[in-house]
Amino acid sequence: MNKRIPTTSPCVAAANKHQPFSKRLAHALVFIMVLSVISDVHTAKADNETLSTRSDQTGITLSLYQHNLALVTETRSITLANGRNTIIWQEIAPALKPETAWLRLLQQPEQLQIHAQHFDLKRLTPQSLLESHIGKTVTVIRIHPTTGEETRETATVLSTEGGGILQYADRIETGVPGRLAFSTIPDHLHNKPALHFTLDNKLTLPTPLELQLIYLTQGLTWHADYVLELDQNDRLASLTGFATLTNQSGIDFYQTKMQLIAGDINQSTPVRTPVARHLAKEIEMTSAAAYADIESTPHFELHRYALPETITLNNDQTRQVSFLTARAIPVEKQFVLPGQSHYFSSYYFSPEQKQHIDVYISFQNTGGDLGRPLPRGIIRAYKQDQKEDVHFIGEDSIQHTANNATVRLKLGQVFDISAEKKQTDFKRIPTPDNATRQFETAHQITLNNAKKEPVTVTVREPIPGDWRIMYESHSHKKISSHLAEWHIEIPADSQIKLDYRVRTLL
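Using the working numbering, the first residue of the sequence shown is number 18, and each one after it goes up by one.
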């Protein structure tokens, strides 16, 4: 519940043991003893100052983006008096972007006028507390190592750098020999991050108001991970999609409505991903059956996935939820020999160059359990052997993929199909104006199939400039202005040679 902060409060004492004071005095312990502290850490500056914590919360929604960014929408019930009020909104994400904070009244918004807001960046630590007492007196407490007798002496803090400098009544010393006791905590130091709002409430009677705070924060993100399982014949596959949620924002989110936003948003300044203080303490998997039917909803030019149940995402936690399950997906396997454009304008002395052939798996995002937007992520492919042991066979990343689009995955290189390529002729043909360059090159590609079944290999050559095939042993297809393809069928345990001559004008 929210509470009104009084203008005066009794003194209390607090201690904080075993805190390092500085690098120079790494073995010194600073014990912070607070002899007098204002209630709830702050001294109220106005009669109508209200401290709000999560106990006032009536709802919270977290919208995660794939760019180390999240939108927090939190609603709290807070009672305000008529007239000028100050709200200290505690328990917010420490990594929030203060300039994005937006407070609004859900009912009768015209009755609330916000005059100012600020975010407290200075946190309460032993070092910041000592720095705030420069020029002020503190109490130094020493314990005799033999007798255990405690002595107290006042000193003025002159500096906190290089181990600290304290001025006593009869001397000046460097370093902190014992514990320090402080009589107050300055108003600008806070034990929790907080937003301060100064506003006018035009409602006459004090009533609970539904106030909603909206802000952007870093330290929260999500990405998609997919599992693709091929059948024995490499003709059908099942696909499962998981949303991996990561929280390094410095705060826990309890029983939160979660929305996953897929798509690319423009941001005026680059977002720096924070370095994790340590690895996530926990990775939790939510049952695939629980969220397998999450629907994607268009939202502006993005897509939104709303989880059907509230979840808890603690700080330093990574959690996965399933959002897609599709079975019996027809897939196509393709063997591709990629080329390089510099082969057509340079002379190669090497008689033969061994080439690797890539294997691709593709499917259509349409029909059946698919036919929905697929967020950007990594698809990892697996396949069972005859003993039903599962093996990892490769992975590839996909961009945001719309409905009815083709998903094409490069899983690796083929073991039993190989290729050798050599340049059999090279000519540089003079041009009348010498402003352009013209080449004529001849090539031979030897394709070897060691499999027990026939295969088809796609030879893909990116040819630059204005080009024309002068001769070829197999017919090609002009896929684009700079791409020629040959589809070569190779019988089992056989070898096929592809010869062609091309003239290019650059």
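The C-beta atom is built at its ideal place from N, Cα and C for all residues, glycine as well.
Computed from a predicted model, the values in this text were never measured in an experiment.
Judging by CA-CA distance, which residue of the options is the nearest neighbour of residue i?
i, options, result
"K350", "A398, F136, I202 and G384", "A398"
"I182", "F352, K494, S492 and V157", "V157"
"Y360", "R477, R159, L123 and S80", "R477"
"W239", "T90, Q440, S266 and L81", "L81"
"N466", "H460, I507 and K444", "I507"
"L324", "I278, K444 and E437", "I278"
"Y185", "I202, F456 and V155", "V155"
"I396", "G411, D402, G388 and P194", "G411"
"L86", "S69, S266 and N99", "S266"
"P368", "I462, N451, D406 and V338", "I462"
"T221", "L97, L387 and Q74", "L97"
"T177", "A112, D386, T473 and L197", "L197"
"F352", "R445, V376 and E405", "V376"
"I545", "P203, T171 and T117", "Residue 545 lies beyond the residue range present for the chain, which begins at 18 and ends at 523; the question has no answer from this structure."
"P471", "I202, A110 and D510", "D510"
"A118", "P126, P143, E127 and V89", "V89"
"P126", "I374, S497, S69 and L226", "L226"
"G388", "F409, N421, S363 and Q403", "N421"
"R524", "L354, I282 and P355", "This structure leaves residue 524 out entirely; the chain is present only between 18 and 523."
"D433", "I374, H213 and K219", "I374"
"L354", "F456, L515 and Q74", "L515"
"P479", "S362, V407 and K404", "S362"
"F214", "S69, Q370 and I513", "S69"
Quick one: does residue i have its CB under 9 Å from some CB of chain C?
i, result
"E227", "The structure shown contains no chain C; it holds only a single protein chain."
Are residue i and residue j closer than 9 Å when you measure CB to CB?
i, j, result
"S435", "Q372", "yes"
"D187", "L129", "no"
"T78", "E91", "yes"
"L120", "I131", "yes"
"G152", "V174", "yes"
"L341", "L464", "no"
"H499", "P481", "yes"
"L228", "R101", "no"
"L391", "R454", "no"
"G280", "L319", "yes"
"H84", "Q334", "no"
"D251", "K400", "yes"
"S339", "A260", "yes"
"N208", "L141", "yes"
"G385", "A343", "yes"
"T423", "K444", "no"
"D269", "H205", "no"
"A110", "G195", "no"
"L426", "L245", "yes"
"I486", "Y517", "yes"
"I505", "T473", "yes"
"P203", "S149", "yes"
"R71", "Y271", "yes"
State the beta-bridge partners of residue i as determined by DSSP.
i, result
"I486", "V519"
"G76", "T92"
"L354", "V476"
"V155", "A172"
"T238", "T263"
"E437", "K371 and T463"
"Q134", "F214"
"K514", "T463"
"D442", "A459"
"D413", "I396"
"R101", "D217"
So residue i and residue j are supposed to be a Cβ contact under 8 Å. How far apart are they, rounded?
i, j, result
"W484", "V519", "6 Å"
"L428", "D413", "7 Å"
"E437", "T475", "About 17 Å separates the two Cβ atoms, so there is no contact after all."
"Q107", "A211", "5 Å"
"A241", "G394", "3 Å"
"E66", "I105", "7 Å"
"Q440", "Y365", "5 Å"
"R336", "L262", "5 Å"
(message) Does the segment 338 to 354 come into contact with the segment 379 to 387, if we say contact requires no fewer than three beta-carbon pairs (one atom in each stretch) closer than 8 Å?
(response) yes
(request) Determine, using beta-carbon pairs with one atom in the segment 160 to 174 and one in the segment 227 to 244, whether at least three such pairs fall under 8 Å. (result) no
(request) Specify whether the segment 326 to 334 and the segment 257 to 276 touch according to this definition: at least 3 beta carbon pairs, one from each stretch, less than 8 Å apart. (result) yes
(message) When you compare the segment 406 to 424 with the segment 490 to 501, are there three or more beta-carbon pairs, one atom per stretch, that lie closer than 8 Å?
(response) no
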